[in-house]
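Q:
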Amino acid sequence: MCRLFCLLLFAVCSALPAASQVLRGFVTEVISGEPLEGVNVVLYGEGEISFGAATDSDGFYLLPRLTPGRYVLRTSYVGYVTYVDSLDIGPGQEIHQLDIVLEEDELVLQQLTIVDNAGGSTTLLSAGTERITPAAIERVPMPEITADLSAYLSTLPGVVLVGDQGGQFYVRGGEPTQNLVLLDGMLIYQPFHILSYYTAFPSEVLRSVDLHAGGFGPQFGGRISSVVDAWSRNGNSSRFAASGSVSPFLVGTHVEGPIVPGGRFTMIASARQSVVEDAAANVIGQDIPLLFHDLFAKIHGRPNRHGRVSFSAIKTYDRGNVGGTRGIGAPDEVRWWNDAVGGRYLFLPGNLPVLAEFLMSWSGHTMQLGPSEDLIRTSSTSRINMEANVTHYSHRGDLHWGLFARSLTLKSELGGLYQNLDLKTEYVTEAGIYAAPEFKFTSGTSISPGLRIHHFPSKSRLLFEPRLRAKTVLGNNELSAAAGLYHQELVGINDRRDAASVFTAWTAVPVGDIPRALHVILGYRRVLTEGVTVVTDAYYKRMRNLYIAEWTARPRLTTKLQQADGRVLGLDLRLEYSRAPYYAYINYGLASTEYEAMQSELVHWFNEVVYKFRPAHDRRHQINAMFSTSIYGFDVSLRWQFGSGRPFNRAYGFDGFLLMDGSVDVFTEAGERRVIYERPFNGVLPAYHRLDASVNRAFQVGFSRVTLQASVINVYDRANVFYLDVFTLERSDQLPLIPSVGIKVDLP
Numbered sequence: 048m049c050r051l052f053c054l055l056l057f058a059v060c061s062a063l064p065a066a067s068q069v070l071r072g073f074v075t076e077v078i079s080g081e082p083l084e085g086v087n088v089v090l091y092g093e094g095e096i097s098f099g100a101a102t103d104s105d106g107f108y109l110l111p112r113l114t115p116g117r118y119v120l121r122t123s124y125v126g127y128v129t130y131v132d133s134l135d136i137g138p139g140q141e142i143h144q145l146d147i148v149l150e151e152d153e154l155v156l157q158q159l160t161i162v163d164n165a166g167g168s169t170t171l172l173s174a175g176t177e178r179i180t181p182a183a184i185e186r187v188p189m190p191e192i193t194a195d196l197s198a199y200l201s202t203l204p205g206v207v208l209v210g211d212q213g214g215q216f217y218v219r220g221g222e223p224t225q226n227l228v229l230l231d232g233m234l235i236y237q238p239f240h241i242l243s244y245y246t247a248f249p250s251e252v253l254r255s256v257d258l259h260a261g262g263f264g265p266q267f268g269g270r271i272s273s274v275v276d277a278w279s280r281n282g283n284s285s286r287f288a289a290s291g292s293v294s295p296f297l298v299g300t301h302v303e304g305p306i307v308p309g310g311r312f313t314m315i316a317s318a319r320q321s322v323v324e325d326a327a328a329n330v331i332g333q334d335i336p337l338l339f340h341d342l343f344a345k346i347h348g349r350p351n352r353h354g355r356v357s358f359s360a361i362k363t364y365d366r367g368n369v370g371g372t373r374g375i376g377a378p379d380e381v382r383w384w385n386d387a388v389g390g391r392y393l394f395l396p397g398n399l400p401v402l403a404e405f406l407m408s409w410s411g412h413t414m415q416l417g418p419s420e421d422l423i424r425t426s427s428t429s430r431i432n433m434e435a436n437v438t439h440y441s442h443r444g445d446l447h448w449g450l451f452a453r454s455l456t457l458k459s460e461l462g463g464l465y466q467n468l469d470l471k472t473e474y475v476t477e478a479g480i481y482a483a484p485e486f487k488f489t490s491g492t493s494i495s496p497g498l499r500i501h502h503f504p505s506k507s508r509l510l511f512e513p514r515l516r517a518k519t520v521l522g523n524n525e526l527s528a529a530a531g532l533y534h535q536e537l538v539g540i541n542d543r544r545d546a547a548s549v550f551t552a553w554t555a556v557p558v559g560d561i562p563r564a565l566h567v568i569l570g571y572r573r574v575l576t577e578g579v580t581v582v583t584d585a586y587y588k589r590m591r592n593l594y595i596a597e598w599t600a601r602p603r604l605t606t607k608l609q610q611a612d613g614r615v616l617g618l619d620l621r622l623e624y625s626r627a628p629y630y631a632y633i634n635y636g637l638a639s640t641e642y643e644a645m646q647s648e649l650v651h652w653f654n655e656v657v658y659k660f661r662p663a664h665d666r667r668h669q670i671n672a673m674f675s676t677s678i679y680g681f682d683v684s685l686r687w688q689f690g691s692g693r694p695f696n697r698a699y700g701f702d703g704f705l706l707m708d709g710s711v712d713v714f715t716e717a718g719e720r721r722v723i724y725e726r727p728f729n730g731v732l733p734a735y736h737r738l739d740a741s742v743n744r745a746f747q748v749g750f751s752r753v754t755l756q757a758s759v760i761n762v763y764d765r766a767n768v769f770y771l772d773v774f775t776l777e778r779s780d781q782l783p784l785i786p787s788v789g790i791k792v793d794l795p
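Just so we're aligned, residue 48 is where the sequence shown starts under our numbering, counting upward by one.
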């Protein structure tokens, strides 16, 4: 398969027209060697701008179709000394490569540091897509000193975390298993730790994160809700650096540096271990039966001028009792593991204006429910992925296209949870191709139609997914739009009737049609005045053939699997203020998620066979407000969040149930308790709101930088409900007021 893969890629590249005169290269930072994104590279001919480009996330730029002559090259980036050079483009050589290293401008950086400590704007938004930088992540208050992507995601109006435990996040009406989460191109099945404050990978190693809340392009597929595309740093190429942190929730460390002299090969690694079970539990005087850790490592190299290579690996473990002590006894313990390894090769062909990317990875995920010696349910999933992504540059626009092939192994033992589903070991193969030309106009308008084609040989299915993205800039106004059709052949099965249930089994679509979704998004962005920006997104999702648990009176016991349709309507608003030394924003989200299912047995309950309901993650109103500033060397951050009540299953009462599966003595057999419900998800939980605060102070001690933090989560000790136990009607609350202090040491 790999051989055919490479031959096909070579044939397509060979069919492309040869380059005329092309200038290309990489732009990196002088000390760390990290690529710089968004650098302006401009060629001046005879005093006028002739050609220009901006670097991508790998620091790569390409100026195609140059005419022979003498040029002045000017490379500029905020906070760095402008690089200027003269170039002679001759008529003979077609490809000219110039790699550029930018040095920091100390005076400008001091001014920028003030802005950054206040939290200057660092995110780009366009029709459901947002670029998240480490600086943006670090502003959000956390219960410990290191920042985490989870805290930032929870501030977004379209993202719902149903609780601070379980590691489940919902994006614009979609389920957690409908989100595609990638780290360096590796699939991460369970991206959040069991304590939802933390993702499976630390922000300390992150370079950038792209959140596609909908309408994503054809380079992504296999999920119908959203994409989180995270990329790690390469590691410092000039010197070794390390850090360590301690708090009542977590201890962590990271190290990075050159492997060989000259910095052509670098490494970065991190490790984190939770201590919340002991330290934080003692602080609040309450059991927190949660444990997790993660390990990450990466090697990056520059074997030659035309290539970049990297190898990444991650391993995570989570264990705990979600919800703590419950009214009918301790909950079943859940455990899960994430494992992934992957490689990436970035290649510049010698005679083509092309950037080619080759990715290969293996991802595995295992989840268990119940005591390790007597498991109730188990599920394991693994995926081998190979793909090639190519960008062909031209003067009027770019052509993005790619190939992919995958092989998956799925195995589950559900202990009879679903009566109409018998999951065994499955093998699924997938292959496909995508293309997305991007047309750029001098008026500031860009249009990118696309098409993704999936083929599942093991299932004899062929899927077509058209996509479209467009953007135009009119002065201080930016209009954007996105639309697309999405399918999900592999689905995660979870019994959402029980709010504390996080066990998920992955399987190919068991019965019926493949889940699919239609996305339509309209975006608007305007700079009102210097430092003040307003952003809005209106979105619509139409989902078909979703898999949900059949409505019964017996949650957490057995049920059947059935299909449902869904509809999501929403509006996200963001007002941002960024002017040193202050930074603030307020987000508001209005959303409505509705499911519709058909079930013949319901005629006996509600006198109808079709029922519509709000799923448990439907949160109509969300408000997130944040303020940060720097005062006398202290970095202060405040964050307040509000969420309207989510639906839950309200009970009429209880009765007994006796399963008559043979000869049963009804005089001695007690049977089981059964809940008699009202209509599905007809109740509404109390509203959620919380205030978090943190204060940081950094000191220079010798060659090291020491940062101290004091923080308080849930400042006014709001009793926010996590879920109601339907058997006892007892409520389980989220974590109470938690004061915390932490220390972090950076070397050098």
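For glycine and all other residues, C-beta sits at the position ideal for the given N, C-alpha and C.
Note the first and the last residue of the continuous alpha helix (DSSP H) segment covering I78.
A: No alpha helix (DSSP H) contains I78, which DSSP labels as neither H nor E.
Q: Mapping the DSSP letters down to three states, classify P181 as helix, strand or coil.
A: Three-state result, P181: helix.
Q: Thinking C-beta only, is R186 closer than 8 angstroms to Q225?
A: Taking 8 angstroms as the Cβ cut-off, Q225 and R186 do not qualify as a contacting pair.
Q: Pick helix, strand or coil for G376, following the three-state DSSP scheme.
A: At G376, the pLDDT of 47 sits below 50, so the modelled position is not reliable and the matter cannot be decided from this model.
Q: What residue range is occupied by the uninterrupted alpha helix (DSSP H) comprising I331?
A: Run containing I331: 328-331, per the alpha helix (DSSP H) assignment.
Q: Which ranges does the beta strand (DSSP E) cover as unbroken runs of at least 3 residues, wholly within the stretch 339-375, from first to last along the chain?
A: Entirely contained in the stretch 339-375, the beta strand (DSSP E) runs reaching 3 residues are, in chain order, 354-367.
Q: If you follow the beta strand (DSSP E) that L203 is part of, which residue opens it and which one closes it?
A: Neither: L203 is in no beta strand (DSSP E) and is coded neither H nor E.
Q: In terms of alpha-carbon separation, which member of I147, L70, V131 lies closest to E84?
A: Cα-wise, what sits closest to E84 is I147.
Q: With a threshold of 6 angstroms on Cβ separation, who are the neighbours of L145 within its own chain once the five nearest residues in sequence on each side are excluded?
A: Excluding positions up to five away in sequence, the list reads G72.
Q: Looking at R178 and S255, is the spacing between their C-beta atoms short of 8 angstroms?
A: Cβ atoms of S255 and R178: closer than 8 angstroms.
Q: Return the bridge partner residues of A757 from the DSSP annotation.
A: V742, V788, per the DSSP bridge assignment.
Q: Can you tell me the Cα-Cα spacing of T372 and G617, whole angstroms?
A: Only weak support is given to the placement of T372: the predicted model assigns it a pLDDT of 42, under 50, and the value that follows is read from those uncertain coordinates. For T372 and G617, the distance between alpha carbons rounds to 36 angstroms.
Q: Short of 6 angstroms in beta carbon distance, which residues of its chain neighbour Y91, apart from the five on each side in sequence? Order them along the chain.
A: Cβ neighbours of Y91 beyond the five flanking positions: V119.
Q: Across the stretch 560-568 and the stretch 422-433, are there enough close Cβ pairs to call them in contact, namely three or more that are closer than 8 angstroms?
A: The stretch 560-568, when compared against the stretch 422-433, does not touch it at the 8 angstroms Cβ threshold.
Q: Considering only their Cβ atoms, is the gap separating L338 from G367 smaller than 8 angstroms?
A: Contact: yes.
Q: Measuring only the C-alpha atoms, how far is R430 from H347?
A: Approximately 23 angstroms between the Cα atoms of the pair.
Q: Helix, strand or coil: how does DSSP classify Q225 here?
A: Correct three-state label for Q225: helix.
Q: Measuring CB to CB, does N385 end up less than 8 angstroms from Y245?
A: Not closer than 8 angstroms, so no.
Q: Whole beta strand (DSSP E) runs in the stretch 612-673 with 3 or more residues, listed along the chain?
A: Qualifying beta strand (DSSP E) stretches, in chain order: 629-645, 657-660.
Q: Go ahead and label E251 buried or exposed: buried means 16 or more other beta carbons lie within 10 angstroms of its beta carbon, across all protein chains shown.
A: With 16 or more Cβ atoms within 10 Å of its Cβ, E251 is classed as buried.
Q: Out of A403, R453, L461, S408, state which residue places its alpha-carbon closest to the alpha-carbon of N436.
A: Out of A403, R453, L461, S408, A403 has the C-alpha closest to the C-alpha of N436.
Q: On the premise that T413 lies in contact with W835, defined as a C-beta separation below 8 angstroms, what is that separation, rounded to the nearest angstrom?
A: In this structure the chain extends from 48 to 795, so residue 835 is not present and cannot be described.
Q: So Q669 packs on H736, CB below 8 angstroms; how close in whole Å?
A: At roughly 10 angstroms, the Cβ-Cβ gap does not stay under 8 angstroms, so Q669 and H736 are not in contact.
Q: Please confirm if the stretch 532-542 is in contact with the stretch 499-514, defined as three or more CB-CB distances below 8 angstroms between the two stretches.
A: Segments in contact, yes.
Q: Are the beta-carbon atoms belonging to F248 and F216 less than 8 angstroms from one another?
A: No; because the gap between Cβ atoms is not below 8 angstroms, this pair is not in contact.
Q: Can you find at least 3 beta carbon pairs, one from the stretch 488-498 and one from the stretch 513-529, that sit closer than 8 angstroms?
A: Output reads yes: the stretch 513-529 touches the stretch 488-498.
Q: Can you confirm whether the stretch 439-453 touches the stretch 475-488 when touching is taken to mean that 3 or more C-beta pairs between the two stretches lie within less than 8 angstroms?
A: With the cut-off at 8 angstroms, the stretch 475-488 and the stretch 439-453 touch.
Q: In terms of residue numbering, what span does the beta strand (DSSP E) encompassing W409 cover?
A: Its beta strand (DSSP E) spans residues 401-416.
Q: So I315 and N281 are in contact, right, with Cβ under 8 angstroms, and what is the actual spacing, rounded?
A: About 7 angstroms; that satisfies the 8 angstroms criterion.
Q: Short of 6 angstroms in beta carbon distance, which residues of its chain neighbour L755, apart from the five on each side in sequence? Order them along the chain.
A: Same-chain partners within the cutoff: R744, I790.
Q: Are there 16 or more other CB atoms within 10 angstroms of the CB of I723, so buried, or fewer, so exposed?
A: I723 comes out exposed.
Q: May I ask you to report which of helix, strand or coil DSSP gives E473?
A: The answer is strand: DSSP assigns E473 an E or B state.
Q: Nearest-angstrom Cα distance between V748 and I78?
A: Rounded to the nearest angstrom, the two C-alpha atoms are 21 angstroms apart.
Q: Which residue comes first and which comes last in the beta strand (DSSP E) that contains G390?
A: 381-394 is the extent of the beta strand (DSSP E) around G390.
Q: Work out the CA separation of L782 and L604 for me, nearest whole Å.
A: For L604, the pLDDT reaches just 45, beneath the cut-off of 50, and the residue's location in the model is therefore unreliable, although a value from the coordinates is still provided. Going from the Cα of L604 to the Cα of L782 covers about 28 angstroms.
Q: Taking three-plus beta-carbon pairs below 8 angstroms as touching, is the stretch 572-588 in contact with the stretch 473-480?
A: These segments do not touch.
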